[in-house]
């Protein structure tokens with residue numbers, strides 16, 4: 004399923020809901036089996052693999068929440084809730100503190116990317132990414148937005164996840180095409196990202 008996970012990260016985290024899913028599954032099938040039709044009968048297991056992969060990343064973020072938020076692991080729930088409320092007010096989980104950071108320059112976002120894509124599965128190394136794909140960043144922002152609003156990511160259903168993820172992906176792709184050097188500087192894969200205080 005390595006090829007499928009790569010396609011999910013680079014193309015669409017909600018491939019199992021996408022209109023063109025048969026086309027992408029055919030691409031994966033061609034890469035894995037050498038035949039476009041070989042994987043189509045496997046779609047039910049492919050769908051559950053996609054869902055399991057999303058869950059793995061979601062769980063990694065939830066388990067490393069104190070590190071991602073930049074608080075001590077012994078921090079009380081009320082202090083974490085207070086930190087999250089502050090991030091929601093300022094969009095600090097996406098853009099950082101007002102006056103201190105610019106668009107997409109949040110240390111919280113950087114730590115979340117590291118936890119989800121480096122610490123969990125070493126995807127930058129495994130797939131030779133120089134920068135995180137806009138699609139993967141969009142999924143990270145979606146999860147971060149939910150977690151700072153509820154602080155209970157593992158049991159929270161993601162509201163309008165497919166549409167919200169698509170909207171973030173479009174914004175990030177536009178940012179990437181408008182500011183390629185800035186995008187690369189902000190979202191370059193780094194081996195020291197993804198540490199934890201666990």
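Residue numbers (the numbering used here): 4 to 201.
Think of the CB as a built atom: it goes at the ideal place given N, C-alpha and C, for glycine as much as any other residue.
query: Candidates 183, 105, 67, 35, of which the one nearest residue 146 by Cα; result: 67
query: Proximity winner among 17, 169, 149, relative to residue 65 (alpha-carbon distances); result: 149
query: For residue 134: DSSP bridge partner residues; result: 191
query: 7 Å CB neighbourhood of residue 119 in its chain, flanking five on each side removed; result: 60, 63, 64, 143
query: Exposed unless 16 or more other CB atoms sit within 10 angstroms - verdict on residue 51; result: exposed
query: N-terminal and C-terminal residue of the alpha helix (DSSP H) that residue 9 is part of; result: 5-13
query: Cβ pair residue 171, residue 139 closer than 8 Å; result: no
query: Among 7, 105, 18, nearest to residue 169 - alpha-carbon criterion; result: 18
query: 4 or more residues per run - each alpha helix (DSSP H) lying fully within the region 75-122; result: 80-93, 110-117
query: Burial state of residue 187 (16 or more Cβ within 10 Å); result: exposed
query: Same chain, Cβ closer than 7 Å to residue 109, five either side skipped, listed in chain order; result: 95, 96, 97, 98, 99
query: Simplified DSSP state of residue 58, which is helix, strand or coil; result: helix
query: Residue 19, DSSP secondary structure in three states; result: coil
query: Simplified DSSP state of residue 161, which is helix, strand or coil; result: coil
query: Selection from 128, 93, 58, 56 that minimises the alpha carbon distance to residue 151; result: 93
query: Alpha-carbon spacing of residue 115 relative to residue 71, whole angstroms; result: 5 Å
query: Residue 185 versus residue 133: straight-line alpha-carbon distance, rounded; result: 14 Å
query: As assigned by DSSP and simplified to three states, the class of residue 148; result: helix
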